[in-house]
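Chemist: Position 100 (the sequence shown) corresponds to 87 in this note's numbering; numbering is contiguous.
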Amino acid sequence: MEIQVLNPSSRTDTGITEDLQKSLHWLQGPWMPQVRCLTLEDGPCGISTARDSDAAAPAVIEHIERESGKADVAGFVVACFSDPGVFAARGITKKPVVGIGEAGFAAALALGDRFGTISVSKGGLKKLGRQVRHAGVSSRHAGHRDLGLDYGDLQYPDRVMDALRKMAIALRNEDGADVVLLAGAGLARYVPGLMADTGMQVIDPVPAAVSLVLGQLQQLAYGHETDAKD
-12 MEIQVLNPSS
-2 RTDTGITEDL
8 QKSLHWLQGP
18 WMPQVRCLTL
28 EDGPCGISTA
38 RDSDAAAPAV
48 IEHIERESGK
58 ADVAGFVVAC
68 FSDPGVFAAR
78 GITKKPVVGI
88 GEAGFAAALA
98 LGDRFGTISV
108 SKGGLKKLGR
118 QVRHAGVSSR
128 HAGHRDLGLD
138 YGDLQYPDRV
148 MDALRKMAIA
158 LRNEDGADVV
168 LLAGAGLARY
178 VPGLMADTGM
188 QVIDPVPAAV
198 SLVLGQLQQL
208 AYGHETDAKD
């Protein structure tokens, strides 16, 4: 049984899919499903704008439609913060489909009073703001910062960490955030250091989404056991 974690961007020079696989190593175990991280080759080359997100949705939907009929595929995580194709995909399969955007918001609300968001690429405020409003969490969204980096810059961890630290401290000191939500995939390696440097809770939304899928699978298994006993 496997959970598929989908990177909807076809761009391969960022190392995001490989970093996703490494960041989920904690799921290894005899009773745990296999987690397989995949790059969707028919997705757009990078997802920074709302147009990119809309362009990624067909690749997500088609992949899930193709894979959901396989008995060994238990669920899906869409590893793009704008959750492209998630709601449409839920209409074509009964298996869990979770986007890291909505999973990240849920985790942030659970861990603090006011959360701030940080995205990698420049100009994400408008898209993120719309997503926050649609999710109904505006009253607890303290603010947003972007790193102003290209996703190719993820190959330079020191550069990324310096920018993350600066933005997280600004969210805390200027906007009153007590939780930082990383609004993107492939940033897991920075969470421990950022927590230590800022004293704040820092959320990587990818494991948050995988945890939601695992919770849904556990509920389904419990329901089947209960039906069998009855």
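All C-beta atoms, glycine included, are put in the ideal place defined by N, C-alpha and C. Fair warning: this is a prediction, and the values are worked out from it, not measured in the lab.
With a CB to CB cut of under 6 Å and the five nearest residues on each side skipped, what residues in its chain are close to CYS67?
Modeler: Contacts found: PRO(-5) and ILE34.
Chemist: So, for GLY30: in the same chain, excluding its five sequence neighbours on each side, which residues have a beta-carbon less than 6 Å away from its beta-carbon?
Modeler: PRO(-5), SER(-4), SER(-3), ALA43 and ALA46, listed in sequence order.
Chemist: Using DSSP with H/G/I as helix, E/B as strand and the rest coil, what is PHE63?
Modeler: Strand, per DSSP.
Chemist: Do LEU169 and ILE79 have their CB atoms nearer than 8 Å?
Modeler: No, the pair does not count as a contact, with Cβ atoms beyond the cut-off.
Chemist: Could you compute how far the alpha carbon of ASP39 sits from the alpha carbon of GLU161?
Modeler: Going by the C-alpha atoms only, they are around 31 Å apart.
Chemist: Taking one C-beta from the segment 178 to 196 and one from the segment 131 to 145 each time, how about it: are there three or more such pairs within less than 8 Å?
Modeler: No: fewer than three Cβ pairs fall under 8 Å.
Chemist: Go ahead and pull the three-state DSSP assignment for ARG77.
Modeler: Of the three classes helix, strand and coil, the one that applies to ARG77 here is coil, per DSSP.
Chemist: Does the distance from the CB of LEU204 to the CB of GLY62 come in under 8 Å?
Modeler: Yes, the Cβ-Cβ distance between LEU204 and GLY62 is below 8 Å.
Chemist: Alpha carbon to alpha carbon, how far is VAL107 from ASP137?
Modeler: In a straight line, the C-alpha of VAL107 is about 7 Å away from that of ASP137.
Chemist: Which one or two residues does DSSP pair with HIS128 in a beta bridge?
Modeler: PHE102.
Chemist: According to DSSP, is ASP133 part of a helix, a strand, or is it coil?
Modeler: In the structure shown, ASP133 sits in a strand (DSSP, three-state: E or B).
Chemist: With a cut-off of 8 Å, do at least 3 Cβ pairs link the segment 90 to 101 to the segment 191 to 199?
Modeler: Verdict: yes, contact present.
Chemist: By Cβ distance, which residues of its chain are closer than 7 Å to HIS50, with the 5 residues on each side in sequence left out?
Modeler: Same-chain partners within the cutoff: LEU(-7) and LEU27.
Chemist: Since GLN21 sits in a beta bridge, which residues does DSSP pair it with?
Modeler: DSSP, once it has assigned bridges, lists GLU(-11) as partnering GLN21.
Chemist: Any idea what DSSP makes of THR1, helix, strand or coil?
Modeler: THR1: coil per DSSP, three-state reduction.
Chemist: Go ahead and pull the three-state DSSP assignment for LEU168.
Modeler: Looking at LEU168 - three-state DSSP - the assignment turns out to be strand.
Chemist: So, under 8 Å CB-CB, VAL200 and VAL64 are touching, yes? Tell me the CB distance rounded to an integer number of Å.
Modeler: So it is a contact: roughly 6 Å between Cβ atoms.
Chemist: Could you check whether LEU96 and VAL124 sit closer than 8 Å to each other, using their CB atoms as the reference points?
Modeler: For VAL124 and LEU96, yes; Cβs fall inside 8 Å.
Chemist: Anyone know if the C-beta pair for GLU(-11) and ASP70 falls short of 8 Å?
Modeler: Contact: no.
Chemist: Looking at the structure shown, is VAL178 part of a helix, part of a strand, or coil, going by DSSP?
Modeler: Note: VAL178 maps to helix in three-state DSSP.
Chemist: Who are the Cβ neighbours of VAL85 in its own chain at under 6 Å, not counting the five residues just before and after it?
Modeler: Closer than 6 Å at Cβ, skipping near neighbours: VAL64, ALA196, LEU199 and VAL200.
Chemist: Do you know offhand how far CYS24's Cα is from SER10's?
Modeler: Each residue's alpha carbon lies about 10 Å from the other.
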